[in-house]
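Take a look at the structure below.
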Amino acid sequence: RLFYEPVTTPCGHTFCLKCLERCLDHNPKCPLCKEGLSECLALRKYCKTVLMEELIARYLPEELTERRKIYEEEIAELSNLNKNVPIFVCTMAYPTVPCPLHIFEPCYRLMIRRCMETGTKQFGMCISDPVKGFADYGCILEIRNVEFFADGRSVVDSIGKRRFKVIQHSQRDGYNTADIEYIEDQKVQGQEYAALLGLHDSVYDQAYMWFNSLKQALKSRILSHFGPMPAKDPDPQANPNGPAWCWWVLAVLPLENRAQLPFLAMKSLKDRLNGIRRVLT
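Take the sequence shown: its letter number 37 is residue 37 in full-length UniProt numbering, and every next letter is one higher.
Okay, structure coming up:
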């Protein structure tokens, strides 16, 4: 392919920006002379080679137009949050709940960088599955901040946004992807809604008492990681994912991932509340 967004390393070698970044995902050295490029990784600042860009634009305008078209098509495809959504296979994630991540594997370095470049800043989180590779249900995470280190690792501050069901499992450039559909709670009305309000208030109070009964050291660790327990919602059906406090409680309860997964898939707030009640009892 023609050079696109050419950059020159401190050691004097020129590469496409995206090609160089992918090489550095695997080894923090120049692909040609093997000089260390840790400073480039830490700063994440690459200066485009203006002379190279001008020469390409002047003498290879048609090839440059075609190359730019290919790049824009790739970005558009990567921006789709329904098809081929990048999937991080790691832990349980929930709507509204923070999910800090330590990124060190090359495939996930690439995945996170693409999420930032496309502007979506979003990817799916699923737990592993011994047969399919990852579970059929997960949560979309939105990146709030990324802190890079000189060796290429990074710490990602993300938060849960929406739940989804996996329609098709697949892969792209070493990381998992999926075609997904988003899921929401089914609303109820009339007497069912009145009963739901009573159940909601009752389970909230039960969860609040449970949390306050924990030892202070454990409470402090939970608060530092997940923040305080969200307030009770005046209308528990206002959010398509249900009350934020439900997800907070599920995140801090000492349950295995396999026991938590059904709660993520539930479309009935009543069933989710009853499930939390059974765990707390």
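C-beta atoms are modelled at their ideal positions from N, C-alpha and C, and glycine is treated no differently. Given the structure is predicted, the values throughout are model-derived calculations rather than measurements.
Measuring alpha carbon to alpha carbon, tell me which residue in the options is nearest residue i.
| i | options | result |
| --- | --- | --- |
| L264 | E21, N80 and D136 | D136 |
| residue 324 | F211, D233 and P240 | Any property of residue 324 remains undetermined from this structure, which presents the chain solely from 1 to 281. |
| I143 | L214, P234, D173 and P98 | P98 |
| V85 | R221, C33, Q168 and P100 | Q168 |
| E5 | S79, G12 and C16 | C16 |
| L2 | S170, C19, D271 and M116 | C19 |
| F134 | P95, V279 and S170 | S170 |
| Y175 | R153, E105 and N145 | E105 |
| L196 | G242, E181, Y208 and A178 | G242 |
| I140 | W248, K45, R163 and E181 | R163 |
| V252 | G138, K232, R221 and L269 | R221 |
| A259 | T91, M111 and I75 | T91 |
| L101 | V155, P234 and K48 | V155 |
| R44 | A93, S79, Q191 and M116 | M116 |
| M229 | T49, I70, V50 and L250 | L250 |
| Y94 | N274, P234, F226 and V279 | F226 |
| V279 | C47, E54 and A207 | A207 |
| A244 | L51, Q191 and R272 | R272 |
Using DSSP bridges, identify the partner residues of residue i.
| i | result |
| --- | --- |
| K48 | V7 |
| D157 | P100 and N145 |
| A178 | V85 and H169 |
| P262 | Partner(s): none; P262 has no beta bridge. |
| F164 | G138 and Y182 |
| K29 | G36 |
Can you name, in chain order, every residue of its own chain whose Cβ lies under 7 Å from the Cβ of residue i, other than the five neighbours on each side?
| i | result |
| --- | --- |
| L81 | T120 and Q122 |
| Y108 | F88 and Y175 |
| F149 | A42 |
| W248 | V97, F226, M229 and P230 |
| E181 | F164, K165 and I167 |
Might you give, ordered along the chain, the residues of its own chain that have their beta carbon closer than 8 Å to the beta carbon of residue i, omitting 5 neighbours on each side?
| i | result |
| --- | --- |
| R172 | N84 and P86 |
| C23 | F15 and P31 |
Please report the residue range of the beta strand (DSSP E) in which residue i lies.
| i | result |
| --- | --- |
| M125 | Q122 to C126 |
| C16 | T14 to C16 |
Which residues in the same chain have their Cβ closer than 6 Å to the Cβ of residue i, if we skip the five residues on either side of it in sequence?
| i | result |
| --- | --- |
| R67 | L2 and Y4 |
| M111 | P86 and Y175 |
| R114 | L78 |
Between which two residues does the alpha helix (DSSP H) carrying residue i extend?
| i | result |
| --- | --- |
| K69 | P61 to L78 |
| residue 338 | Examination of residue 338 is not possible in this model, given that the chain is present from 1 through 281 alone. |
| residue 282 | Since the displayed the chain opens at 1 and closes at 281, residue 282 lies outside it and no answer follows. |
| C246 | A244 to V252 |
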